[in-house]
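Just so we're aligned, residue 422 is where the sequence shown starts under the numbering used here, counting upward by one.
We put the beta carbon where it would ideally sit given N, CA and C, even for glycine.
Before any comments, here is the structure.
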Amino acid sequence: ENTHKSPLGAMVANMKEDNPFKLPSDDKIFAMREEERQRRAEERERVKHQHVWEKVTAACRHSRTRRIDDIDDAQASAARPDARLVEGLGRDARRDKENISDFVAKKREMFLVQMSLDVKKAEILKLDARAKDKEEALNKSKQMLDKDVERFDAFLSTNDDRAHDAMQKADTKAREKQERVIKIKQLKSQLSAIQSEIAKHKEQKDECLRYKDFLVNLTPAEWKEQKREEKKQRKLQRRKIAVDARMGEIEEKLQAEIEAEELAFREKEEKEKKGRRRQKRTEEDEQKERDQMEARRRRIARKYPVREQVDAEYVEYSSGEEMPLYFQEPKQLLHIFTSLEESNLFLIQNSQDTEQALEELEQKFAVLRKTREAMSNKMQVQISQLERQIFEEKSKCDELKQAISQSHGGSEIEELLDGLAGGGGGGDG
């Protein structure tokens with residue numbers, strides 16, 4: 422009977438004694454699980470050493486399962502007489518089914534409890550891991566914060582040093598700026614003085630240029646033409662000097678090349694004379710040598726430009742000298758003014774005479790124009806009167822033609838017309 426009692430029954434009995442509606446603590450659950458595991462391990466070891474007939478089957482193990490509430494009843498019925506054995510067997514079969522369902526329910530409950538414990542344990546482990554991670558993160562954050570604080574302190578110290586240096590530089594720059602402002606003011610004042618001086622000299626220059634233009638306009642044309650001719654002659658002289666210098670250089674190079682060519686030719690002849698027998702030179706040989714030398718000279722001369730080419734290549738330039746003023750003494754200007762005044766007086770007299778003659782002509786033209794206009798108006802009136810008379814005569818003629826055509830024949834009409842024509846001609850005469 423004692424063998425049918427298990428640690429599970431003891432655990433349930435203890436739970437009943439304490440409180441059947443209260444879950445045990447985690448420590449007790451773990452302890453019970455550990456005891457159950459050890460018991461199963463011992464049972465397996467014991468079964469390994471048993472004989473086959475000593476081992477029990479699964480059905481036997483299920484039949485041995487009892488309800489926890491019936492343990493005391495079984496112990497009491499063991500002392501009863503065998504007369505009630507049949508009744509006990511029927512009740513045992515019914516109780517076995519109830520014990521199996523209770524056992525499954527308890528197992529399920531234990532499984533749920535175990536699962537909740539596992540979930541809680543996993544959650545605890547997760548929370549522990551998170552707590553460790555948080556702690557590590559906090560430590561790292563603290564270290565980083567310490568480093569940031571150190572860096573910030575270093576930055577503040579550096580910033581203070583920089584601010585101090587910047588203030589010193591700012592003071593230095595401010596002093597330099599003030600000095601430069603003072604210098605700029607001085608330079609501006611100097612510049613204003615120089616600009617006023619430049620403006621003054623410019624005005625003087627413009628005035629002098631106006632006087633110069635005035636004097637140039639007063640200069641006689643013969644003297645200007647003379648100076649232009651002198652300038653032209655100077656240009657021609659510069660051209661001639663430059664061309665002569667260039668031709669001198671060319672002549673020197675040409676002469677040096679001709680001499681070098683003649684020297685080479687003589688050396689060649691001397692070598693040829695040494696290498697052959699001495700022969701008597703004839704006039705033809707000498708003439709041939711002279712022709713060869715002349716051909717060499719012409720060939721060398723063709724390499725250099727002639728005088729016409731050098732003259733064409735010359736580029737004219739101006740010396741930059743301005744035409745000198747004609748007026749060198751005040752009396753020259755007075756003499757010019759006097760002559761101009763005389764010529765102006767003569768021109769003024771001529772202009773006055775011309776104006777007087779023009780006025781007379783204008784008066785004559787006005788009188789003549791009035792006369793012509795009166796005559797033209799008179800003639801226009803006469804022309805209009807004559808045109809009216811002609812129109813009246815034509816109308817009378819037409820009336821007479823109609824009257825005659827109605828009263829007489831054609832011959833009489835012709836005679837009458839001839840008579841009228843003759844009468845009209847006599848009237849006109």
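Collapsing the DSSP output to three states places Leu782 in a helix. Going by beta carbons, Tyr747 and Arg660 fall outside the 8 angstroms limit.
DSSP, read as helix, strand or coil, puts Leu538 in helix.
Secondary structure of Thr640 (DSSP, three-state): coil.
Residue burial annotation: Asn771 is exposed, with fewer than 16 other C-beta atoms found within 10 angstroms of its C-beta. Taking C-alpha positions only, Ile804 is separated from Ala795 by approximately 14 angstroms.
The Cβ atoms of Leu639 and Ile757 sit closer than 8 angstroms to each other. Here the alpha carbon of Ala462 sits roughly 19 angstroms from the alpha carbon of Lys528. Between Arg718 and Ile679, the beta carbon gap of about 6 angstroms places them in contact (Cβ cut-off 8 angstroms). Between Glu683 and the set Met800, Leu675, Met714 and Glu670, the nearest pair of CA atoms involves Met714. When the Cα atoms are used, Leu766 and Ala642 turn out to be separated by approximately 21 angstroms. The C-alpha of Ser446 lies about 33 angstroms from the C-alpha of Val468.
In the three-state reduction of the DSSP assignment, Met531 falls in the helix class.
Of the other Cβ atoms in all chains shown, fewer than 16 fall within 10 Å of the Cβ of Asn580; this residue is therefore exposed. Each residue's CA atom was taken as its position, placing Lys621 and Lys752 some 30 angstroms apart.
Residue state for Met744 is assigned as coil, using DSSP reduced to three classes.
Bounds of any alpha helix (DSSP H) do not take in Gln471, whose DSSP letter is neither H nor E.
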